[in-house]
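Asks: Let me begin by handing over the structure; questions about it come next.
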Amino acid sequence: MSNSSPTYQPFQLDREQDYQRWRSAKLDNYSAMAADAVVPVQNAAALSLAEHAAIMERCGKLNLAIYTVTGEADTDKSAVRALGRQFGLETLDMNLRADEDSITSLRVVEAVAGTHYIPYTNRPLNWHTDGYYNRLNEQVRGIVMHCVSTSASGGDNLFLDPEIAYLLLRDENPDYIRALMRPDAMTIPANIEAGIELRAAQSGPVFSVADDSGALHMRYTARTRSIEWNSDSLTHQAVGFLSELLASDSPCIIRHRLRAGQGIICNNVLHKREAFADDAAAGQERLLYRARYHERIRGTGVKRIMNDEV
Ligand SMILES: [Fe+2]
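Heads up, the sequence shown is in my numbering, so the first residue is 21 and it goes up one at a time.
This is the structure in structure tokens:
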């Protein structure tokens, strides 16, 4: 198979054969791998070949891997950066609240100037992909999130592979995919604080396919405020189907509570976070480092899953 042109396009609706071939490969062994998503590593900044391969195997199948550091090596922000580089994650996304080095420290902080972003509270965070409000040419395709310290209780993360969401939607009704691929499927209104426009309104599709790699990308939020869905009835049915899936106990949804020294590397999969409680006196305060990248994890496109040459 050629590696230069998108000859194999399982995510295009008119390529039913490609889709069926990809679908059976995707589902093969999926649940077993989802139940075995955690990879022990000595030093996240300098993985062994076997550790790297184990993470790649999971990212190739699930679009995510959870690692747990077993060695003494401390995992500071530079180690998070070094971990990403081993998987082709280079270009950090800039966001409004990132620290100077563009790696965000997620922890409970006091509200400032009337704004209160839920990621910086201990409240639950509903299903979304990161950066869905970004410009379309600055989408977040890869994420590394590392847990420095964990809360006293709660704070579980749930993850769902967007390729599985796509597959279940397409199996239910291919027109759902058609609706969610429209360039005006969802619109995020402009972000205005104190009369200043921090971000312009952004319309775009839920599902899109990269021209070069043929990889699937998903933009989504379960928020009902600050989001305008296309008024088309198929869009509403598709979004309803998706929210039922996300609220279900599907075995494809991975639940994990990150402990200190653990982290996730993923192709910006769907995720949510449950509420948590810190205990400062006991030193149990949740702190995560999060790096968002414009690249996907290298070698996890549709060609890899089919064992074709890349
Ligand atoms: Fe997120």
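Quick reminder that beta carbons are idealized off the backbone N, C-alpha and C, glycines included.
What residue range does the beta strand (DSSP E) around GLY283 cover?
Replies: It spans 282–286 - the beta strand (DSSP E) in which GLY283 sits, taken as one unbroken run.
Asks: With HIS72 as the anchor, note down where its alpha helix (DSSP H) starts and where it stops.
Replies: Note, HIS72: alpha helix (DSSP H), 69–82.
Asks: Compare the C-alpha of LYS46 against each of THR111, TYR87, LYS81 and name the closest.
Replies: When each option's Cα is compared against that of LYS46, the closest is LYS81.
Asks: Can HIS291 be considered in contact with ligand 1, in the sense that its beta carbon sits closer than 7 Å to one or more heavy atoms?
Replies: Yes, ligand 1 has a heavy atom inside 7 Å of this Cβ.
Asks: What does the alpha-carbon distance come out to for the pair TYR240 and VAL226?
Replies: Answer to the nearest angstrom: the Cα atoms are 6 Å apart.
Asks: Could you tell me how far apart the beta carbons of ALA85 and ARG78 are, in whole angstroms, since I believe they sit closer than 8 Å?
Replies: Between ARG78 and ALA85 the Cβ distance is about 4 Å, and since that is below 8 Å, they are a contact.
Asks: Indicate the three-state DSSP secondary structure (helix, strand or coil) for SER122 in the structure shown.
Replies: Residue state, collapsed to three classes: coil.
Asks: How big is the Cα-Cα spacing for GLN222 and GLY162?
Replies: When rounded, the distance between both Cα atoms is 20 Å.
Asks: List in chain order: all unbroken beta strand (DSSP E) runs of 3+ residues lying wholly within the region 43–70.
Replies: Counting whole runs of 3 or more residues, the region 43–70 contains the beta strand (DSSP E) stretches 58–61.
Asks: Using beta-carbon positions only, say whether ASN250 and ARG202 come within less than 8 Å of one another.
Replies: In contact: ASN250 and ARG202 (Cβ atoms closer than 8 Å).
Asks: Taking the alpha-carbon of ASN63 as reference, which of MET53, LEU33, GLU36, ASP94 has the nearest alpha-carbon?
Replies: Checking every option, the nearest Cα to that of ASN63 belongs to ASP94.
Asks: Name the residue from LEU126, ILE75, GLY215 whose alpha carbon lies nearest to the alpha carbon of ARG318.
Replies: Comparing Cα positions, the closest option is ILE75.
Asks: So does HIS148 have its beta carbon nearer than 7 Å to some heavy atom of ligand 1?
Replies: For ligand 1, at least one heavy atom lies less than 7 Å from the Cβ of HIS148.
Asks: According to DSSP, is TYR309 helix, strand or coil?
Replies: In this structure, TYR309 counts as strand in the three-state DSSP scheme.
Asks: DSSP beta-bridge partners for GLU213?
Replies: Per DSSP, ILE216.
Asks: Between SER233 and the rest of its own chain, which residues show a CB-CB distance below 6 Å, the 5 nearest in sequence each way excluded?
Replies: Around SER233: GLY321.
Asks: Quick check: the region 197–213 against the region 171–185, are at least 3 beta-carbon pairs closer than 8 Å?
Replies: Flag = no, the region 171–185 and the region 197–213 do not touch.
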